[in-house]
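Enquirer: Every position in the first sequence, counted from 1, becomes a number in our numbering once 1 is added. Cβ atoms here follow ideal geometry from the backbone N, Cα and C, with glycine treated the same way. Quick one: structure below, then a few questions.
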Amino acid sequence: MDFQPVKGTRDFYPDAVRVRNWLFDTWRRVAARNGFEEYDSPIVEYLDLYTAKSGEGIVSELFHLTDRGGRDLAIRPETTPALARMVNARINSLPRPIKWFCIQRLCRAEKPQRGRSREFFMWNVDVIGADSTLADAECVFTAVDFLREVGLGPDDVQVRIGSRPLVIARLRAAGVAAARIDAALLALDKRPKVTQDEFEKLARGAGLTAEQTREICGFLDADPRAALDEMRCDEAMRPHVERVDELLAALEAMGAGDYCTPDWHIVRGLAYYTGIVYEAFDAAGSVPRAVAGGGRYDNLLEALGGPKVGATGFGMGDVVLGILLDQKGKIPPEATARALEYFVIDGDASRRTAVLETVGRLRRAGLSADFSYAGRPLGKQLKDADRRGARRALILFADGTAAVKDLATGEQHDTTVEALLDA
RNA sequence: GUGGAUGUAGCUCAGUUAGGUCAGAGCACCUGGUUGUGGUCCAGGGGGUCGGGGGUUCGAAUCCCCUCAUCCACCCCA
2 MDFQPVKGTR DFYPDAVRVR NWLFDTWRRV AARNGFEEYD SPIVEYLDLY TAKSGEGIVS
62 ELFHLTDRGG RDLAIRPETT PALARMVNAR INSLPRPIKW FCIQRLCRAE KPQRGRSREF
122 FMWNVDVIGA DSTLADAECV FTAVDFLREV GLGPDDVQVR IGSRPLVIAR LRAAGVAAAR
182 IDAALLALDK RPKVTQDEFE KLARGAGLTA EQTREICGFL DADPRAALDE MRCDEAMRPH
242 VERVDELLAA LEAMGAGDYC TPDWHIVRGL AYYTGIVYEA FDAAGSVPRA VAGGGRYDNL
302 LEALGGPKVG ATGFGMGDVV LGILLDQKGK IPPEATARAL EYFVIDGDAS RRTAVLETVG
362 RLRRAGLSAD FSYAGRPLGK QLKDADRRGA RRALILFADG TAAVKDLATG EQHDTTVEAL
422 LDA
């Protein structure tokens with residue numbers, strides 16, 4: 002029998018777990034300093050939670066199962082519906098704004114490829130109970146704060162900010178019927194990825210006339226900030242323009258302006274987004290997928306049986322991010338280094354018991370310590386120490402003295418176990 | 001779900017074109033180079049039914065068919 006990992010899943014050997022832990026630690030640290038608290042939800046939910054509002058895209062990729070009571074369940078493919086469920090359950094007792102984050106393992110049954118696996122981790126950061134654009138700004142800032150933390154600058158990654166209501170208003174102004182808006186948005190999303198001919202075909206397929214397509218292209222291809230200025234004069238557009246203005250101004254004030262740029266192509270695939278939306282991309286374009294994405298979803302809590310409460314947030318997956326970090330060489334050496342403090346060695350077979358005693362004392366004092374099981378020559382034990390990734394070797398000599406050797410520099414000096422414990 | 005490419009040791013690959021010492025290399029791993037010092041070096045060793053199954057042939061990693069898996073693109077999405 003030859004067993005393989007299930008399609009689209011990954012094994013994490015210790016070196017990969019070290020990198021993953023570094024990533025999670027960084028996510029947690031950044032979320033915490035931005036004022037978000039960690040929560041978590043179950044790995045399975047009732048299927049209905051997702052079929053209700055997430056949209057066809059998610060539902061078609063669900064891993065679903067039936068429990069022994071005949072209930073339809075799904076392995077969570079995203080976090081947001083469960084977050085909405087949890088918040089709805091306590092909406093009257095939670096102080097607002099609710100600023101929560103989580104790091105979750107998610108599953109989607111899509112075809113695995115570069116940047117996409119069937120099991121992955123996502124960092125989710127949300128603000129619930131605030132209609133202010135400052136909530137969106139905080140989410141974008143948190144994403145940018147993380148990118149900067151790991152050494153990705155504005156030349157590496159750009160957050161492209163769009164506005165669904167703004168684009169919808171623009172489409173309506175061009176005479177696009179309400180029923181065709183969703184299809185038109187999908188076509189717009191493809192605009193940067195296809196040729197003019199292909200785009201025109203997509204637009205035709207979405208039910209736009211040649212005239213409407215020309216008008217939309219004029220809008221999309223113009224400088225986004227200039228388009229913003231132009232629309233500011235239009236009474237119907239103004240509220241949406243002002244939200245974008247406020248967001249960009251807030252990000253500028255917080256010092257994240259250089260990471261952000263308006264881009265009306267960004268409309269997002271999930272059905273529940275209602276307002277400002279954004280995606281973070283590799284600026285060089287060598288990673289073709291969004292590193293992170295999010296936006297405002299003001300109707301989701303209500304749609305899941307709660308009150309009408311404004312909400313906004315983003316998700317960042319580990320797969321695309323991992324490719325980008327790897328490509329840019331941004332995974333620091335300390336993320337891959339092992340952290341064994343002492344490797345205790347006997348300089349003579351008579352000290353074997355002393356090695357055990359010393360290892361025990363170090364460990365009980367909270368210091369990491371390891372040793373060789375087999376009695377071996379000193380040189381071999383040092384080799385073991387090196388291969389176990391120890392920072393220092395502690396050598397116990399036959400005459401009762403001890404020395405600590407820094408394995409990186411080779412420096413060695415006499416010491417006692419007591420001195421190490423006091424240090 | 002659709003199309004394309006690829007599957008030889010843990011990893012990176014050679015060998016497949018014209019079937020016959022073709023089961024190999026480097027790295028990794030283990031052991032030794034012995035009794036007070038590692039990361040170098042030297043020697044030795046373990047490990048692959050050549051993705052799996054069937055077929056053609058005296059003979060198949062090599063040719064044919066099927067299948068599985070992986071990767072890439074589409075779709076959708078983080």
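(1) How about V7 and V168: do their beta carbons lie closer than 8 Å?
(2) In the DSSP assignment, find the unbroken alpha helix (DSSP H) run with N89 in it and report its ends.
(3) Can you name the start and end residues of the beta strand (DSSP E) that Q159 belongs to?
(4) Tell me where the alpha helix (DSSP H) around V45 begins and ends.
(5) Of all the beta strand (DSSP E) runs that stay within the bounds of the region 284 to 355, which reach a length of 3 or more residues?
(6) Between which two residues does the alpha helix (DSSP H) harbouring Q382 extend?
(7) Please go through the region 104 to 159 and give each complete beta strand (DSSP E) segment of 3 or more residues, from N-terminal end onward.
(8) Who are the near neighbours of A409 in its chain, counting only those whose CB is closer than 8 Å to its CB and skipping five residues on each side?
(9) Please go through the same chain and pick out, in chain order, the residues whose beta-carbon is closer than 8 Å to the beta-carbon of M2, but skip the five residues on each side of it.
(10) Excluding sequence positions up to five away, which residues of its chain have a Cβ less than 6 Å from the Cβ of A336?
(11) With H, G and I counted as helix, E and B as strand and the rest as coil, what does DSSP make of R1?
(12) Whole angstroms are fine: how far does the CA of A131 sit from the CA of E427?
(13) Excluding the 5 residues preceding and the 5 following D190 in the sequence, name in chain order all residues of the same chain whose CB lies nearer than 7 Å to its CB.
(14) Spatial neighbours of R239 within its chain, please: C-beta separation below 7 Å, excluding the five flanking residues on both sides.
(15) Would you mind working out which of A293, D230, T27, A138 sits nearest G276, comparing C-alpha positions?
(16) In this structure, how does DSSP classify D73 when only helix, strand and coil are distinguished?
(17) Just checking my contact of D264 with G154 at CB under 8 Å: how many whole Å lie between their CB atoms?
(18) Please confirm whether L322 and V356 have their CB atoms less than 8 Å apart.
(19) If we count the other Cβ atoms within 10 Å of its Cβ and call it buried at 16 or more, is D385 buried or exposed?
(20) What residue range is occupied by the uninterrupted alpha helix (DSSP H) comprising P193?
(21) Would you mind working out which of P113, R97, A257, M87 sits nearest R11, comparing C-alpha positions?
(22) Specify, as a first and last residue, the run of the beta strand (DSSP E) that L66 falls within.
(23) Assuming the contact rule is C-beta atoms closer than 8 Å, L209 and V177 should be a hit. Round their C-beta distance to whole Å, please.
(24) To the nearest angstrom, how far is it from the Cα of L326 to the Cα of G295?
(25) Kindly indicate which three-state DSSP category P225 falls into: helix, strand or coil?
(26) Specify the secondary structure class of C218 as computed by DSSP and reduced to three states.
(27) Answer yes or no: do T416 and A399 have a C-beta to C-beta separation smaller than 8 Å?
(28) May I have the straight-line CA-CA distance separating R226 from D68, to the nearest angstrom?
(29) State buried or exposed for G311, treating a residue as buried only when at least 16 other CB atoms are found within 10 Å of its CB.
(30) So, is A211 buried or exposed, given that buried needs 16 or more other C-beta atoms within 10 angstroms?
(31) Let me check understanding here. Comparing Cα to Cα, which of N125, G219, N93, T143 lies closest to Y1?
(32) I need the DSSP call for M2, collapsed to helix, strand or coil.
(33) Tell me, please, whether the region 98 to 108 touches the region 119 to 126 by the rule of three or more beta-carbon pairs shorter than 8 Å.
(34) Return the residue from the list L74, Y374, V360, R389 that minimises the CA-CA distance to L422.
Expert: Inspection of the coordinates gives the following:
(1) Counting from 1 along the first sequence, the entry for residue 7 is found at position 6. Counting from 1 along the first sequence, the entry for residue 168 is found at position 167. Against a cut-off of 8 Å, the Cβ pair of V168 and V7 comes out as no contact.
(2) Taking the first residue of the first sequence as position 1, residue 89 is located at position 88. Unbroken alpha helix (DSSP H) run through N89: 81 to 90.
(3) Position 158 of the first sequence, counting from 1, holds the residue named residue 159. Residues 158 to 164.
(4) Indexing the first sequence from 1 puts residue 45 at position 44. That residue, V45, is in no alpha helix (DSSP H); its beta strand (DSSP E) goes 45 to 47.
(5) 293 to 297, 312 to 318, 341 to 347
(6) The sequence position of residue 382 within the first sequence is 381, counting from 1. Unbroken alpha helix (DSSP H) run through Q382: 379 to 388.
(7) 120 to 129
(8) By 1-based counting over the first sequence, the position of residue 409 is 408. Within the same chain, A409 has close Cβ partners R392.
(9) To locate residue 2, count along the first sequence from 1; it is residue 1. Because the pLDDT at M2 is just 41, under 50, the model does not fix this residue reliably, and the value given afterwards should be weighed accordingly. No residues qualify anywhere along the chain.
(10) For the purposes of this step, residue 336 is taken as residue 335 along the first sequence, with counting starting at 1. Same-chain partners within the cutoff: V20, W23.
(11) Since the first residue shown for the chain is 2 and the last is 424, residue 1 is missing from the structure and cannot be characterised.
(12) Residue 427 is absent from the model: the chain starts at 2 and stops at 424.
(13) Here residue 190 refers to the residue found at position 189 when the first sequence is read from its first residue. H266, V268.
(14) Here residue 239 refers to the residue found at position 238 when the first sequence is read from its first residue. Hits under 7 Å: R233.
(15) Along the first sequence, read from residue 1 onward, the residue named residue 276 stands at position 275. Among A293, D230, T27, A138, the Cα nearest to that of G276 belongs to A138.
(16) By 1-based counting over the first sequence, the position of residue 73 is 72. If DSSP states are grouped into helix, strand and coil, D73 belongs with the strands.
(17) Along the first sequence, read from residue 1 onward, the residue named residue 264 stands at position 263. Along the first sequence, read from residue 1 onward, the residue named residue 154 stands at position 153. D264 to G154, Cβ: 19 Å. No contact.
(18) Your numbering for residue 322 matches position 321 in the first sequence. Your numbering for residue 356 matches position 355 in the first sequence. Going by C-beta atoms, L322 is not nearer than 8 Å to V356.
(19) In the first sequence, residue 385 corresponds to position 384, counting from 1. Answer is buried; the Cβ neighbour count reaches 16.
(20) By one-based count along the first sequence, residue 193 stands at place 192. That residue, P193, is in no alpha helix (DSSP H); it is neither H nor E in DSSP.
(21) Working through the first sequence from its first residue, we reach residue 11 at position 10. Minimum Cα distance to R11 is reached at P113.
(22) Position 65 of the first sequence holds residue 66. Segment 65 to 67, the beta strand (DSSP E) holding L66.
(23) Working through the first sequence from its first residue, we reach residue 209 at position 208. Working through the first sequence from its first residue, we reach residue 177 at position 176. At roughly 6 Å, the Cβ-Cβ gap stays under 8 Å, so L209 and V177 are in contact.
(24) Locating residue 326 in the first sequence gives position 325, where the first residue counts as 1. Locating residue 295 in the first sequence gives position 294, where the first residue counts as 1. Each residue's Cα considered, the two are about 20 Å apart.
(25) Position 224 of the first sequence, counted from the start, is the residue given in the question as residue 225. In this structure, P225 counts as helix in the three-state DSSP scheme.
(26) Looking up residue 218 in the first sequence gives position 217. C218 falls in the helix class under three-state DSSP.
(27) The count along the first sequence starts at 1 and reaches residue 416 at position 415. The count along the first sequence starts at 1 and reaches residue 399 at position 398. Contact: no.
(28) Your numbering for residue 226 matches position 225 in the first sequence. Your numbering for residue 68 matches position 67 in the first sequence. The alpha-carbon atoms of R226 and D68 are separated by roughly 52 Å.
(29) As a first step, residue 311 is located in the first sequence; it is residue number 310 there, counting from the start. Buried is the call here.
(30) One-based indexing of the first sequence puts residue 211 at position 210. It is exposed - the Cβ of A211 has fewer than 16 other Cβ atoms within 10 Å.
(31) Lying before the first or after the last residue shown, residue 1 is absent from the chain, which here runs from 2 to 424.
(32) Indexing the first sequence from 1 puts residue 2 at position 1. Because M2 sits at a pLDDT of 41, beneath the cut-off of 50, its placement in the model cannot be relied upon, and the following sentence gives the value as read from the coordinates. It is coil, neither helix nor strand.
(33) yes
(34) As a position in the first sequence, residue 422 is number 421, starting the count at 1. Of L74, Y374, V360, R389, the residue nearest in Cα terms is V360.
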